[in-house]
Amino acid sequence: MGDADVDQQTGLVDLADDLAGDAHPGAQDSLQDGSHGAIVQDGRVRRGLVLGGGGITGIAWETGLLAGLADAGVDLTSADRVIGTSAGSIVGAQITSGTPLDELYRRQLLPPADDAPLARIGGGVVLAFAMSMLRARGDLERFGRVLGARAVRAAAAGRTPSVADRYAQVRIRLIDTTWPERDLVVTAVDVGTGELAAFRPGGDVGLEDAVNASCAVPCVYPPIPINGRTYVDGGARSGANADLAAGCDRVVAITPLDRSVGPIRSASQQLGDLGVPHLVISPDDASRSAIGKNVLDPAARPPSARAGYAQAAAYVDRVRELWT
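The sequence shown: position 234 = 234 (the UniProt record's numbering), numbered continuously.
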């Protein structure tokens, strides 16, 4: 086994811990400046907001963080472009729906229903990710195809909810099922090609379909068929797909799970490559403790939201400096 294989296996262990919800003190924020990739249109600065994946607790933590920042006078929902991956696609759809942020935050504080479905990213799912990564041998699109094929087989074997049941679950979280008149980008991965799909308003894919595709965690939820293609979670390409912020001249990325493994690049790396001034915010120790060991546990939603709200206080000045 070569050094690259050892490094990749080490990375997969770390990724498995993240997916399972184990805390890692290495999650850090980063603030970097760059001089290229920035544009101004009509004399306006273009600001990008990147919202990464992270399960039910990720939705709650991101919403809490956004609410805490807004209450401190920094409203990131004013972004010119919002990019959502997996959990971030739901948050992106919510904050561009016109619903007040404080209402969205209050919803995250409600106790879960007694019959709320409980899913888990267990050992079998982590193994599927790991084996797919090893088979991909550093090819990101091959990883998407291999993992996507595993997801299709898992759904066919009845190891995931039905597509209809999954749509019903996601519909509860969506405020509106129509695209906003905003630059909202929702990411997914095409199972057949392994390529990134970036859904936007004005295309032939509805918002509800796009969000379901973006949230189709392989081997946990069913792949989503759309217009003759099949899609899985945008996180199969990147936890945040922050490189889609190209063209913005400043970016804030909120990433519950932000790690580079094999060909999967973190938001920090992607934004660094763009050379754009940016700030990446990931959960601190208190937030990771609130999120717990299962990012799909509805019971962890309220404490995750509160932790995100509290964490915002430490970032207000840095976000304001970059954003305004």
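Where a beta carbon is used, it is the ideal one built from N, C-alpha and C, also for glycine.
Check                                                                                                                                                             : Outcome
Let's test the definition: count the other Cβ atoms within 10 Å of the Cβ of S89 and tell me whether it reaches 16, buried, or not, exposed.                      : buried
Under 8 Å from any heavy atom of the ligand HEM, does the C-beta of T63 make it?                                                                                  : Among the components of this structure there are no ligands whatsoever, and the ligand HEM is therefore not found.
The alpha helix (DSSP H) that contains Y167, what's its start and end?                                                                                            : V163 to R173
Work out the CA separation of F143 and R153 for me, nearest whole Å.                                                                                              : 15 Å
R137: which of D317, S97 and G262 sits nearest, CA to CA?                                                                                                         : G262
What number of angstroms, rounded off, separates the C-alpha of R107 from the C-alpha of S132?                                                                    : 36 Å
Going by the DSSP bridge assignment, what does V252 pair with across the sheet?                                                                                   : L49 and L279
For the 8 Å Cβ check, are there 3 or more pairs between the stretch 173-182 and the stretch 228-240?                                                              : no
Please report how far the alpha carbon of L31 lies from the alpha carbon of L274, in whole angstroms.                                                             : Bear in mind that a pLDDT of 36 at L31, under 50, signals an unreliable position, so the model cannot answer this.
For G124, which residues from the same chain have a beta carbon less than 8 Å from its beta carbon, with the 5 sequence-adjacent residues on both sides left out? : C219
Between Q169 and V217, what straight-line distance do the alpha-carbon atoms span, to the nearest angstrom?                                                       : 14 Å
Quick check on DSSP: helix, strand or coil for A188?                                                                                                              : strand
Can you give me the Cβ contacts of A310 inside the same chain, cut-off strictly under 6 Å, excluding the 5 residues immediately before and after it?              : none
Over what stretch of residues does the beta strand (DSSP E) that includes T85 continue unbroken?                                                                  : R81 to T85
Quick one: measure Cβ to Cβ for T57 and L66, integer angstroms, because I've assumed they're closer than 8 Å.                                                     : With 8 Å as the limit, T57 and L66 do not qualify as a contact, their Cβ atoms being about 15 Å apart.
What first and last residue would you give for the beta strand (DSSP E) that runs through A197?                                                                   : L196 to F199
Flag this pair as yes or no: are the beta carbons of D176 and A87 separated by less than 9 Å?                                                                     : no
Can you look up D297 in the DSSP assignment and give me helix, strand or coil?                                                                                    : coil
I'd like the span of the beta strand (DSSP E) that includes I264, first residue to last.                                                                          : I264 -> no beta strand (DSSP E), and no H or E assigned at all.
Inspect the beta-carbon positions of G53 and A312 and report whether they are closer than 9 Å.                                                                    : no
For V316, which residues from the same chain have a beta carbon less than 7 Å from its beta carbon, with the 5 sequence-adjacent residues on both sides left out? : L69, A72 and V74
May I ask which residues mark the beginning and end of the beta strand (DSSP E) holding T230?                                                                     : R229 to D233
Quick one, which of D190, S214, P201 and L244 has its alpha-carbon nearest G228's?                                                                                : D190
CA-CA distance, A151 and L118?                                                                                                                                    : 19 Å
Can the beta-carbon of N241 be found closer than 9 Å to that of Y167?                                                                                             : no
Pairs of beta-carbons, one from the stretch 245-252 and one from the stretch 270-290, closer than 8 Å: are there three or more?                                   : yes
If you measure between the beta carbons of V82 and T63, is that distance less than 9 Å?                                                                           : no
For I291, which three-state DSSP category applies?                                                                                                                : helix
Per DSSP, which one or two residues make a beta bridge with P225?                                                                                                 : T230
Contact defined as beta carbons within less than 8 Å: I believe I291 pairs with A305. What is the distance between those atoms, to the nearest angstrom?          : Going by Cβ atoms, the distance from I291 to A305 rounds to 10 Å, so no, they are not a contact pair.
What residues in its chain sit with their C-beta under 6 Å from that of P284, if we drop five residues either side in the sequence?                               : The question names Pro, but residue 284 is Asp in the sequence shown. Cβ neighbours of D284 beyond the five flanking positions: Q311.
Which residue marks the beginning of the alpha helix (DSSP H) containing G144, and which one marks its end?                                                       : L140 to A156
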